[in-house]
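Residue numbers (this note's numbering), protein chains in the order written: chain A, 146 to 338; chain B, 146 to 338; chain C, 146 to 338; chain D, 146 to 338.
Okay, so here's the structure we're looking at.
Number of protein chains: 4
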Amino acid sequence: MKILADVREAYGLKIVTEALDESGVDMVERYGDMIQLGARNMQNFSLLKRAGRSHLPVLLKRGLSATLDEWLLAAEYIMSEGNYNVVLCERGIRTFAQHTRNTLDLAAIPAVRRISHLPVIVDPSHGTGKNFMVTPLARAGVAVGADGLIVEVHDQPERALSDGAQALTLDQYEALVNEVRAIHEVIAPTPVG
Amino acid sequence: MKILADVREAYGLKIVTEALDESGVDMVERYGDMIQLGARNMQNFSLLKRAGRSHLPVLLKRGLSATLDEWLLAAEYIMSEGNYNVVLCERGIRTFAQHTRNTLDLAAIPAVRRISHLPVIVDPSHGTGKNFMVTPLARAGVAVGADGLIVEVHDQPERALSDGAQALTLDQYEALVNEVRAIHEVIAPTPVG
Amino acid sequence: MKILADVREAYGLKIVTEALDESGVDMVERYGDMIQLGARNMQNFSLLKRAGRSHLPVLLKRGLSATLDEWLLAAEYIMSEGNYNVVLCERGIRTFAQHTRNTLDLAAIPAVRRISHLPVIVDPSHGTGKNFMVTPLARAGVAVGADGLIVEVHDQPERALSDGAQALTLDQYEALVNEVRAIHEVIAPTPVG
Amino acid sequence: MKILADVREAYGLKIVTEALDESGVDMVERYGDMIQLGARNMQNFSLLKRAGRSHLPVLLKRGLSATLDEWLLAAEYIMSEGNYNVVLCERGIRTFAQHTRNTLDLAAIPAVRRISHLPVIVDPSHGTGKNFMVTPLARAGVAVGADGLIVEVHDQPERALSDGAQALTLDQYEALVNEVRAIHEVIAPTPVG
Numbered sequence: 146m147k148i149l150a151d152v153r154e155a156y157g158l159k160i161v162t163e164a165l166d167e168s169g170v171d172m173v174e175r176y177g178d179m180i181q182l183g184a185r186n187m188q189n190f191s192l193l194k195r196a197g198r199s200h201l202p203v204l205l206k207r208g209l210s211a212t213l214d215e216w217l218l219a220a221e222y223i224m225s226e227g228n229y230n231v232v233l234c235e236r237g238i239r240t241f242a243q244h245t246r247n248t249l250d251l252a253a254i255p256a257v258r259r260i261s262h263l264p265v266i267v268d269p270s271h272g273t274g275k276n277f278m279v280t281p282l283a284r285a286g287v288a289v290g291a292d293g294l295i296v297e298v299h300d301q302p303e304r305a306l307s308d309g310a311q312a313l314t315l316d317q318y319e320a321l322v323n324e325v326r327a328i329h330e331v332i333a334p335t336p337v338g
Numbered sequence: 146m147k148i149l150a151d152v153r154e155a156y157g158l159k160i161v162t163e164a165l166d167e168s169g170v171d172m173v174e175r176y177g178d179m180i181q182l183g184a185r186n187m188q189n190f191s192l193l194k195r196a197g198r199s200h201l202p203v204l205l206k207r208g209l210s211a212t213l214d215e216w217l218l219a220a221e222y223i224m225s226e227g228n229y230n231v232v233l234c235e236r237g238i239r240t241f242a243q244h245t246r247n248t249l250d251l252a253a254i255p256a257v258r259r260i261s262h263l264p265v266i267v268d269p270s271h272g273t274g275k276n277f278m279v280t281p282l283a284r285a286g287v288a289v290g291a292d293g294l295i296v297e298v299h300d301q302p303e304r305a306l307s308d309g310a311q312a313l314t315l316d317q318y319e320a321l322v323n324e325v326r327a328i329h330e331v332i333a334p335t336p337v338g
Numbered sequence: 146m147k148i149l150a151d152v153r154e155a156y157g158l159k160i161v162t163e164a165l166d167e168s169g170v171d172m173v174e175r176y177g178d179m180i181q182l183g184a185r186n187m188q189n190f191s192l193l194k195r196a197g198r199s200h201l202p203v204l205l206k207r208g209l210s211a212t213l214d215e216w217l218l219a220a221e222y223i224m225s226e227g228n229y230n231v232v233l234c235e236r237g238i239r240t241f242a243q244h245t246r247n248t249l250d251l252a253a254i255p256a257v258r259r260i261s262h263l264p265v266i267v268d269p270s271h272g273t274g275k276n277f278m279v280t281p282l283a284r285a286g287v288a289v290g291a292d293g294l295i296v297e298v299h300d301q302p303e304r305a306l307s308d309g310a311q312a313l314t315l316d317q318y319e320a321l322v323n324e325v326r327a328i329h330e331v332i333a334p335t336p337v338g
Numbered sequence: 146m147k148i149l150a151d152v153r154e155a156y157g158l159k160i161v162t163e164a165l166d167e168s169g170v171d172m173v174e175r176y177g178d179m180i181q182l183g184a185r186n187m188q189n190f191s192l193l194k195r196a197g198r199s200h201l202p203v204l205l206k207r208g209l210s211a212t213l214d215e216w217l218l219a220a221e222y223i224m225s226e227g228n229y230n231v232v233l234c235e236r237g238i239r240t241f242a243q244h245t246r247n248t249l250d251l252a253a254i255p256a257v258r259r260i261s262h263l264p265v266i267v268d269p270s271h272g273t274g275k276n277f278m279v280t281p282l283a284r285a286g287v288a289v290g291a292d293g294l295i296v297e298v299h300d301q302p303e304r305a306l307s308d309g310a311q312a313l314t315l316d317q318y319e320a321l322v323n324e325v326r327a328i329h330e331v332i333a334p335t336p337v338g
C-alpha cells in the first residue's frame with residue numbers, strides 16, 4: 146500500500162482502496178484517500194462501524210444479494226458513528242443469468258435517489274465481468290443518472306494479476322470518458338453541484 | 146381489436162399487439178402490423194411456430210427466468226418456420242430485488258448483439274413497473290445500445306385500465322423522446338443501416 | 146401416444162402425459178388418464194382453460210419463476226372452467242444455484258397446504274436433474290408432507306432418449322418406494338383420506 | 146455471554162453462539178463450546194482465519210447467495226489455519242420466492258456430501274422464518290440426509306426478543322425430536338458413528 150501512496154505523491158491521483166478488516170482501515174487511513182468496503186463485507190458490522198469512525202470518505206458496495214433496505218441500513222451503520230461521507234456503489238447482484246458475472250441492477254440508481262440523499266455510482270466492470278460489456282454499461286450507468294463510475298483499467302489487461310477479463314485498455318478508457326461526458330451533458334445540462 | 150385497426154386507419158400508426166394463443170395470431174394478422182409474444186408465452190412452442198408461419202414481424206419478449214440461450218432458441222422456433230422478422234425485447238427478469246417489478250437486465254443487450262443478428266429493444270415500463278423509473282431506464286436502454294424502446298403511455302395514467310402505475314404522461318413521453326434521441330446521437334454518430 | 150394406451154391396456158397402469166397445446170389435450174383425452182401441464186406452460190392461459198373443460202384430472206407443474214400466488218391462480222384458470230381435479234407439482238425454481246438443474250423449494254408444500262385444498266406432489270427428478278440426488282429429495286418430499294411423488298425411472302438410464310441423467314434404475318426405484326413408505330408412516334400414522 | 150456459561154454449568158448443555166468479529170471469537174472461546182459464523186460473515190476472511198486459529202469447532206452458515214464452491218472455500222479458509230472441526234449449515238438462500246424468509250436448498254446436502262467430508266446440518270428456522278413450516282422442513286432435512294438440525298425454541302415465542310415468529314414451543318420441539326428420530330432410523334438403520 147506504500148506504493149499507492151508513492152503514486153499519489155508522484156501523480157497527484159487520489160487513492161480509493163479496499164479495507165478487508167478493521168486493521169485494513171488503519172492502513173487506508175495512512176496511505177489512501179477513500180475507504181472501499183466490498184460487496185462481501187456489506188454486512189460486516191464491526192467493519193462498518195470502524196469505517197464510521199474514520200475521517201476518510203467511504204465507498205460502500207452493494208452486497209450480492211442485498212435489498213435496497215439492507216444496503217441503506219449498512220450505510221446507516223457507518224453514519225451512526227459520525228462519518229456522513231458515504232458513497233454507494235451498485236456492482237451487480239446475483240441472479241440466475243449466466244451471460245454476465247453479476248446482473249447490474251441499474252434501476253437501483255433512481256430507486257436509491259428517491260429515498261436517500263447519498264451519492265450512488267456504478268461499477269460496470271464487476272457488474273459484467275466482460276471487457277466488451279463495460280463501455281455499454283458504463284454509458285447506461287451515466288444515462289440512468291449515476292453520480293459516477295468506477296472502472297477497471299489496465300495498460301495490458303492480458304497480464305493483469307486479477308480481473309483482466311473485465312479491464313479496459315487505456316484507449317478504450319479514453320473513448321469511454323468521452324462518451325459518458327457527452328451523455329452526462331444530455332441528461333444534466335445544468336451543473337448539479 | 147377492430148378499434149386498433151380504426152386507429153391505424155385514422156392516424157397512420159402501426160399496430161403492435163399481443164397474441165395470447167394461435168387464434169390470437171389470426172386476429173393480429175387481420176388488424177395489426179406486428180405480433181407481440183409475451184414473456185409468459187416465450188416457451189409456448191405451438192404459439193411460436195404459428196407466429197413463424199405468419200407474414201407479420203414478431204416481437205418476442207424475454208421470459209421472466211429465461212437464459213440468453215433459451216430466448217434465442219425461442220426465436221429459432223419462429224425462424225425455423227420461415228419468418229425471419231423477429232425482434233427481441235428485454236423486459237426484466239425475476240430476481241430477489243423488490244424495489245422494481247422486475248430487474249431490467251441491460252447487459253443482455255450487448256450479450257445478444259455479440260451472438261445474434263436479431264435486433265433487440267428494451268421495455269423500461271414492465272422492466273421497472275414504476276413511472277418515475279421509466280425515463281431513466283429508457284435512457285439507459287438506448288445508451289447500452291438497444292435498437293429501440295417500447296414504452297407505456299397514457300393521457301391519464303391514473304385512469305388506465307391496467308399498468309397505470311408504469312405509464313408515462315404525454316408530456317413525459319415527449320421529454321423522453323428528446324433525451325433518448327440526443328443519447329442515440331452520442332453513441333451512434335454514423336447511421337447503422 | 147397410441148403406444149401408451151396399449152401399455153395401459155396390457156398392464157393396467159394409468160397414464161399421465163403432457164399436453165403441449167390445446168390439440169394435445171384432445172390426444173391425452175383419447176389415450177391417457179391425466180393431463181400434465183408443464184412448467185413452461187403454467188401461464189399459457191388458453192391451454193389452462195382447455196384443460197379446465199376436460200373430464201380428466203390435471204397435473205399442474207409450477208413455473209420456473211412462479212410465485213405461490215401465480216401458481217394457485219393458474220389452478221384457478223382450470224377450475225373456473227369447471228374442472229376441480231387439479232394436482233399441483235413442485236418441480237424446482239430457477240435460482241443462482243448451479244449444483245442442481247433447479248432449486249427444489251420444499252417449503253412450498255406446507256405453504257400451499259395452508260392456503261389451498263389442492264393436493265401437491267414433488268418432482269425430485271426435474272427438481273435436481275441428477276440421479277444421486279433423486280432418492281434423498283424424494284424422501285425429503287414425503288417428509289415435508291407432499292401427497293405424492295413423480296419420479297423418472299428407466300431400465301437403462303444411459304440409453305434414455307431424454308433426461309437419462311436424472312432417471313432412476315428399477316432397483317433404485319424399488320428401494321426408494323420402500324424408504325418413502327416408511328417415512329410416510331412416521332409422519333402420518335393415521336390415514337388422511 | 147457470562148449467562149450462557151452459567152447455564153452450561155448448571156445444566157450441562159453445550160453452548161454454540163455466534164462470533165460477529167474477531168474479538169467475538171475471544172469471547173466464545175472463554176464461555177462457549179462452538180463458534181457460529183453467520184451467513185452475512187461467510188466471506189469475512191479475517192474472521193474465518195481467526196476461527197481457524199481457535200481450538201473450538203466452528204459452525205459455518207452458508208451465505209445468502211453463496212454457491213457450493215464459495216461455501217466450501219470459506220471452510221478452507223478456516224481449515225487452512227489448522228482447525229479441521231468445521232460443520233456446514235444450510236440455512237436458506239435468497240430467491241424471488243416470497244412465501245418464506247429464505248428458500249431452503251435441501252439439495253445442497255447430498256451435493257456437499259458428494260464432494261466434501263465435512264458434516265452438514267440444516268436450519269429450518271431461518272430457512273423458512275415461519276413457525277408452521279419449521280417441523281415439516283426439519284423432517285425433510287433429516288430425510289435428505291443432514292447430520293443434524295439447528296432449531297429455534299422458546300418457551301413463549303410471542304415474547305421472544307428476536308425471531309419469535311420462527312421459534313417452536315417446547316411441546317412442538319419435543320414432537321419434532323420424536324419424528325426426526327423415527328425418520329433417521331428409516332434412512333440409516335445402522336449407526337454411522
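Cβ coordinates follow ideal geometry from the N, Cα and C atoms, glycine included.
Quick caveat: nothing in here was measured; it's all calculated off a predicted structure.
- Helix, strand or coil at T248(D) [DSSP, three-state]: Counting from 1 along the fourth sequence, the entry for residue 248(D) is found at position 103. DSSP places T248(D) in strand when its eight states are reduced to three.
- For E154(A), the three-state DSSP class (helix, strand or coil): Start at 1 with the first residue of the first sequence, and residue 154(A) comes out as number 9. Three-state result, E154(A): helix.
- Query: Shortest alpha-carbon distance to G326(C) belongs to which of M179(C), D171(C), A291(C) and H299(C)?
  - Reply: To locate residue 326(C), count along the third sequence from 1; it is residue 181. A quick correction: the sequence has Arg, not Gly, at residue 326(C). The residue with the shortest Cα to Cα distance from R326(C) is A291(C).
- Query: Hey, which unbroken runs of the beta strand (DSSP E) at 3 residues or more fall wholly within the segment 215-243 of chain B?
  - Reply: 231-235
- Message: Are the CB atoms of A310(C) and N276(C) within a distance shorter than 8 Å?
- Response: What you label residue 276(C) is simply residue 131 of the third sequence in a count that begins at 1. What you label residue 310(C) is simply residue 165 of the third sequence in a count that begins at 1. Yes, Cβ-Cβ distance for N276(C) and A310(C) is below 8 Å.
- Which ranges does the beta strand (DSSP E) cover as unbroken runs of at least 3 residues, wholly within the segment 255-327 of chain A, from first to last along the chain? 265-267
- Buried or exposed: which applies to V337(A), given that a residue is buried once 16 or more other Cβ atoms fall within 10 Å of its Cβ? For the purposes of this step, residue 337(A) is identified with residue 192 of the first sequence, where counting begins at 1. Reliability of the predicted coordinates at V337(A) is poor, the pLDDT of 41 falling under 50, and no value is obtained from them.
- M172(D) lies in the alpha helix (DSSP H); which residues open and close that run? As a working note, residue 172(D) is residue 27 in the fourth sequence. Segment E167 to Y176, the alpha helix (DSSP H) holding M172(D).
- Message: Tell me the rounded alpha-carbon separation between T162(B) and D214(C).
- Response: Within the second sequence, the letter at position 17 stands for residue 162(B). Within the third sequence, the letter at position 69 stands for residue 214(C). Their Cα atoms are separated by approximately 27 Å.
- Message: When you compare the segment 260-272 of chain D with the segment 306-324 of chain D, are there three or more beta-carbon pairs, one atom per stretch, that lie closer than 8 Å?
- Response: Yes, the segment 260-272 of chain D is in contact with the segment 306-324 of chain D.
- Query: Less than 8 Å separating the beta-carbons of A184(D) and N228(D)?
  - Reply: Taking the fourth sequence and counting its residues from 1, one reaches residue 184(D) at position 39. Taking the fourth sequence and counting its residues from 1, one reaches residue 228(D) at position 83. Cβ distance not < 8 Å, so A184(D) and N228(D) don't count as in contact.
- Query: If we ignore side chains and look at the alpha-carbon of each, how far apart do K194(C) and L201(C) end up?
  - Reply: The residue given as residue 194(C) occupies position 49 in the third sequence. The residue given as residue 201(C) occupies position 56 in the third sequence. The straight-line gap from Cα to Cα measures roughly 13 Å.
- Message: Distance cutoff 8 Å, beta carbons only. Does T273(D) sit that close to anything in chain B?
- Response: By 1-based counting over the fourth sequence, the position of residue 273(D) is 128. With 8 Å as the cut-off, T273(D) does not count as an interface residue toward chain B.
- Query: So the alpha helix (DSSP H) L192(C) belongs to, where does it begin and stop?
  - Reply: Residue numbering aside, residue 192(C) sits at position 47 when the third sequence is read from its first letter. Counting along the chain, the alpha helix (DSSP H) containing L192(C) begins and ends at F190 to G197.
- For the beta strand (DSSP E) that contains I160(C), what are its first and last residues? Residue 160(C) sits at position 15 when you count from the first residue of the third sequence. First-last for I160(C): undefined, no H or E at that position.
- Message: Cβ closer than 8 Å: which chain B residues qualify as neighbours of T240(D)?
- Response: Residue 240(D) sits at position 95 when you count from the first residue of the fourth sequence. Result: F241.
- Message: Restricting to Cα atoms, I'd like to know which of E221(C), D250(C) and S199(C) is closest to E174(C).
- Response: Counting from one through the third sequence, the residue named residue 174(C) turns up at place 29. Among E221(C), D250(C) and S199(C), the Cα nearest to that of E174(C) is on S199(C).
- Query: Residues of chain D with CB under 7 Å from D166(A), in chain order?
  - Reply: Translated into positions along the first sequence, residue 166(A) becomes position 21. The answer, in chain order, is S191.
- Item | Residues that DSSP places opposite V203(B) in a beta bridge | Translated into the one-based positions of the second sequence, residue 203(B) becomes position 58. Paired residues: I180(B) and V231(B).
- Under three-state DSSP, which class holds S209(A)? Taking the first sequence and counting its residues from 1, the one referred to as residue 209(A) is at position 64. Correcting the residue type first, residue 209(A) is Leu in the shown sequence and not Ser. Three-state result, L209(A): coil.
- Message: Would E235(A) and L218(A) be called neighbours here (beta carbons separated by less than 8 Å)?
- Response: Sequence index remark: in the first sequence, residue 235(A) carries index 90 (1-based). Sequence index remark: in the first sequence, residue 218(A) carries index 73 (1-based). Their beta carbons are not under 8 Å apart, which means E235(A) does not touch L218(A) by this criterion.
- Measure the alpha-carbon distance for T335(C) versus G286(D) and round it to whole angstroms. In the third sequence, counting from the first residue as 1, residue 335(C) sits at position 190. In the fourth sequence, counting from the first residue as 1, residue 286(D) sits at position 141. With a pLDDT of only 49 at T335(C), under the threshold of 50, the placement of this residue in the model should not be trusted, and no figure is reported.
- Query: For L315(D), does the count of other Cβ atoms within 10 angstroms reach 16, so buried, or fall short, so exposed?
  - Reply: Against the fourth sequence, residue 315(D) aligns to sequence position 170. It is exposed - the Cβ of L315(D) has fewer than 16 other Cβ atoms within 10 Å.
- Task: Check whether the Cβ of Q188(B) lies closer than 8 Å to any Cβ atom in chain C.
- Result: Translated into positions along the second sequence, residue 188(B) becomes position 43. Judged by the 8 Å Cβ criterion, Q188(B) is in contact with chain C.
- Query: Is G208(A) near the ligand MN, with its Cβ less than 7 Å from a heavy atom?
  - Reply: Ligands in the displayed structure: none, and consequently the ligand MN is not present.
- Message: Using beta carbons (cut-off 8 Å, strictly below), is G338(C) in contact with chain D?
- Response: Stepping through the third sequence from its first residue, residue 338(C) is reached at position 193. Here G338(C) scores only 41 on pLDDT, less than 50, and its place in the model should not be relied on; the value that follows carries that caveat. It does not; no Cβ of chain D falls within 8 Å.
- Query: Looking at A288(D) and R284(C), is the spacing between their C-beta atoms short of 8 Å?
  - Reply: Walking along the third sequence from the start, residue 284(C) turns up at place 139. Walking along the fourth sequence from the start, residue 288(D) turns up at place 143. Closer than 8 Å, so yes.
- Message: If you measure between the beta carbons of V296(B) and L313(B), is that distance less than 8 Å?
- Response: To locate residue 296(B), count along the second sequence from 1; it is residue 151. To locate residue 313(B), count along the second sequence from 1; it is residue 168. L313(B) is positioned such that its CB atom lies closer than 8 Å to that of V296(B).
- Message: Against M278(C), what residues of chain D qualify as contacts under a CB-to-CB distance less than 8 Å, listed in chain order?
- Response: Sequence index remark: in the third sequence, residue 278(C) carries index 133 (1-based). Result: A252, P255 and A256.
- For T240(B) and T240(D), the rounded distance between their alpha carbons: Numbered from its first residue, the fourth sequence carries residue 240(D) at position 95. Numbered from its first residue, the second sequence carries residue 240(B) at position 95. Distance between the alpha carbons of T240(D) and T240(B) is about 6 Å.
- Distance, Cα to Cα, L209(C) vs I238(C)? Walking along the third sequence from the start, residue 209(C) turns up at place 64. Walking along the third sequence from the start, residue 238(C) turns up at place 93. Using only the alpha carbons, I get a separation of about 5 Å.
- Query: Can you list the residues of chain A that L209(D) reaches, using a CB-CB cut of under 7 Å?
  - Reply: For the purposes of this step, residue 209(D) is taken as the residue at position 64 of the fourth sequence. Chain A residues near L209(D): S210.
- Query: Using 8 Å as the limit for Cβ to Cβ distance, is T314(B) near chain A?
  - Reply: Stepping through the second sequence from its first residue, residue 314(B) is reached at position 169. Not closer than 8 Å to any Cβ of chain A, the Cβ of T314(B) fails to qualify, so no.
- Task: Assign Y222(A) to buried or exposed, taking buried as 16 or more other Cβ atoms, counted over all protein chains shown, within 10 Å of its Cβ.
- Result: Residue 222(A) sits at position 77 when you count from the first residue of the first sequence. It is buried - the Cβ of Y222(A) has at least 16 other Cβ atoms within 10 Å.
- Message: For a quick check, are the C-beta atoms of L192(A) and L204(A) less than 8 Å apart?
- Response: Taking the first residue of the first sequence as position 1, residue 192(A) is located at position 47. Taking the first residue of the first sequence as position 1, residue 204(A) is located at position 59. No, the Cβ-Cβ distance between L192(A) and L204(A) is not below 8 Å.
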